[in-house]
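J.: Each position in the sequence shown, counted from 1, maps to that position plus 20 in the numbering used here. Let me give you the structure first, and then I'll get to my questions.
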Amino acid sequence: MTTPLPPAPAPPATSAAEPADTTAGTSVSPTARQLWTRSRALLAAALAVLIFGIGYAALRSGESHGALDPRSADPAGSRAVAQLLAAQGVTTTVVTTTDEATAALGPDTTLLVAVPDLLTAHQQSLLHSAAEQSGGRTVLVSPGPSAAEALAPGVQALAPADTRTLAPQCSLPSATRAGDVELGGVEYATSVPGADSCYPSGGNPTLIRLPAAGTGDTVVLGSAGLLTNDRLDEQGNASLALQLLGAHPELVWYLPSLSDASALDGERKSFFDLIPDGWSWGLLQLLIAAVVTALWRARRLGPVIAERLPVAVHASEATEGRARLYRRANARARAAEALRQATRDRLAPIVGISPAPDPEALIAAVAALLGGPGTGGGPDPDPGTLLYGPPPSDDAALLRLADDLDALERRITSTERHATP
Numbered sequence: 021m022t023t024p025l026p027p028a029p030a031p032p033a034t035s036a037a038e039p040a041d042t043t044a045g046t047s048v049s050p051t052a053r054q055l056w057t058r059s060r061a062l063l064a065a066a067l068a069v070l071i072f073g074i075g076y077a078a079l080r081s082g083e084s085h086g087a088l089d090p091r092s093a094d095p096a097g098s099r100a101v102a103q104l105l106a107a108q109g110v111t112t113t114v115v116t117t118t119d120e121a122t123a124a125l126g127p128d129t130t131l132l133v134a135v136p137d138l139l140t141a142h143q144q145s146l147l148h149s150a151a152e153q154s155g156g157r158t159v160l161v162s163p164g165p166s167a168a169e170a171l172a173p174g175v176q177a178l179a180p181a182d183t184r185t186l187a188p189q190c191s192l193p194s195a196t197r198a199g200d201v202e203l204g205g206v207e208y209a210t211s212v213p214g215a216d217s218c219y220p221s222g223g224n225p226t227l228i229r230l231p232a233a234g235t236g237d238t239v240v241l242g243s244a245g246l247l248t249n250d251r252l253d254e255q256g257n258a259s260l261a262l263q264l265l266g267a268h269p270e271l272v273w274y275l276p277s278l279s280d281a282s283a284l285d286g287e288r289k290s291f292f293d294l295i296p297d298g299w300s301w302g303l304l305q306l307l308i309a310a311v312v313t314a315l316w317r318a319r320r321l322g323p324v325i326a327e328r329l330p331v332a333v334h335a336s337e338a339t340e341g342r343a344r345l346y347r348r349a350n351a352r353a354r355a356a357e358a359l360r361q362a363t364r365d366r367l368a369p370i371v372g373i374s375p376a377p378d379p380e381a382l383i384a385a386v387a388a389l390l391g392g393p394g395t396g397g398g399p400d401p402d403p404g405t406l407l408y409g410p411p412p413s414d415d416a417a418l419l420r421l422a423d424d425l426d427a428l429e430r431r432i433t434s435t436e437r438h439a440t441p
């Protein structure tokens, strides 16, 4: 005698179509309190970083405000040397563009370039051509390798050097009169005939004077410290600064500006030209690392491996959770097909058909076992519509389908049990 199978469970359909008041209080969407609890640590960290950045920028801006500006009284400014020069009859004019600097050059003018490394190659070329023909003096403050090569041909910037008290060790009158000064910053080398190399640090000079055509010359300073307000009164800094900058009655103090229109003339750079060389290699390495990480963490292709669940989940809870997901996604068709497939799998062995039966064979076998009135006293439902029909149009239809499938299975099970001797 065939052991009767238990009635087909239909929790997915029932959960998907249960009354609104039962599920209205259970929401899978996070509440405002939950969102705040999850994100407050991240928000606090972001706020701390923002406050630290603003504070650090404010402190740093106070330190570097007016650096090498003859109008600034800050420690890094140069107002003190400008006032001393004014007392000696030297007029200081501040310019911020290359056109203003070249226009002010002349045989009675000293041009001081505060930050030569900020100039583009085009600006450096214009400035060198104008200064070479002016017959005056050009003072370059701590130029790097490219700026030194462009503005003072024959001078090479070698290596950084500590700023400390150095002796002249040369025959340049300005240096011998000033004596020991605080210099360093950058070490230079030159092979220009007649050049004066002073204040060596580690065997290389930190001040070089190059003679030019006529009465002009070019002075390369390795450090700007002796021109600043807080270091001017140290050693012979003031004496050397006044002699270098006060050789002519006019002093043009050039503070390069990023808004100078001449920086764009003669060269048009793309975005990639502005990226330093090292960054390109860094980006390539990051790209390779990202590809390797993606391959490492990507989904592996292979057989499915069954693993034990870390916790035991009741079947009713899993069924209810799946039903709620179906309901939230309005997946009535998928829920209905799951119910029908489960019913077909259970009915196939009862009616004597192998698993995964042919639809027509299963419908015929089920219809043959259905005899007499239905469970409600009326005609039996069509097995083909129940087992292979269209998806329900709404939740109510899905609920009726679940009830009809359950009734069909109970009817077939009861009929088979009575028919078995």
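Ideal placement from N, C-alpha and C gives every residue a C-beta, glycine not left out. Computed from a predicted model, the values in this text were never measured in an experiment.
In terms of residue numbering, what span does the alpha helix (DSSP H) encompassing residue 224 cover?
T.: That residue, residue 224, is in no alpha helix (DSSP H); its beta strand (DSSP E) goes 224–231.
J.: For residue 377, which residues in the same chain have their Cβ closer than 6 Å to its Cβ, ignoring the five residues on either side in sequence?
T.: Result list for residue 377: 368, in chain order.
J.: Where does residue 282 fall in DSSP's three states?
T.: In this structure, residue 282 counts as helix in the three-state DSSP scheme.
J.: Taking the straight line between their C-alpha atoms, what separation do you get for residue 250 and residue 59?
T.: C-alpha separation (whole angstroms): 48 Å.
J.: Measuring only the C-alpha atoms, how far is residue 430 from residue 63?
T.: Residue 430 and residue 63: Cα-Cα distance of roughly 58 Å.
J.: Just checking: is the beta-carbon of residue 86 within a distance shorter than 8 Å of some beta-carbon in chain C?
T.: The displayed structure is made up of one protein chain only, and chain C is not part of it.
J.: Is there at least one non-hydrogen atom of the ligand MN closer than 7 Å to the beta-carbon of residue 51?
T.: The model depicted lacks the ligand MN and carries no ligand whatsoever.
J.: On the three-state DSSP scale, how would you describe residue 176?
T.: Residue state, collapsed to three classes: strand.
J.: What does the alpha-carbon distance come out to for the pair residue 267 and residue 157?
T.: The straight-line gap from Cα to Cα measures roughly 8 Å.
J.: What residue range is occupied by the uninterrupted alpha helix (DSSP H) comprising residue 372?
T.: Here residue 372 belongs to no alpha helix (DSSP H), and DSSP marks it neither H nor E.
J.: State the DSSP-derived secondary structure class of residue 248, mapped to helix, strand or coil.
T.: Residue state, collapsed to three classes: coil.
J.: Under a Cβ-count criterion, where at least 16 other Cβ atoms within 10 Å of its own Cβ denotes burial, should residue 301 be classed as buried or exposed?
T.: Under this definition residue 301 is an exposed residue.
J.: With a 10 Å radius around its C-beta and 16 neighbouring C-beta atoms as the bar for buried, classify residue 202 as buried or exposed.
T.: Label assigned to residue 202: buried.
J.: Distance check for residue 366 and residue 432, CA to CA, integer angstroms please.
T.: When rounded, the distance between both Cα atoms is 11 Å.
J.: What residues in its chain sit with their C-beta under 6 Å from that of residue 187, if we drop five residues either side in the sequence?
T.: Excluding sequence neighbours, residue 187 sits near 200.
J.: Quick one: grab the DSSP three-state call for residue 237.
T.: Three-state result, residue 237: strand.
J.: Please return the same chain residues whose Cβ sits closer than 8 Å to the Cβ of residue 191, not counting the five positions on each side in sequence.
T.: 216.
J.: Is the Cβ-Cβ distance between residue 255 and residue 185 less than 8 Å?
T.: A contact, by the Cβ cut-off of 8 Å.
J.: Pick from 113, 109, 135 and 90: whose alpha carbon is nearest that of residue 278?
T.: Comparing Cα positions, the closest option is 135.
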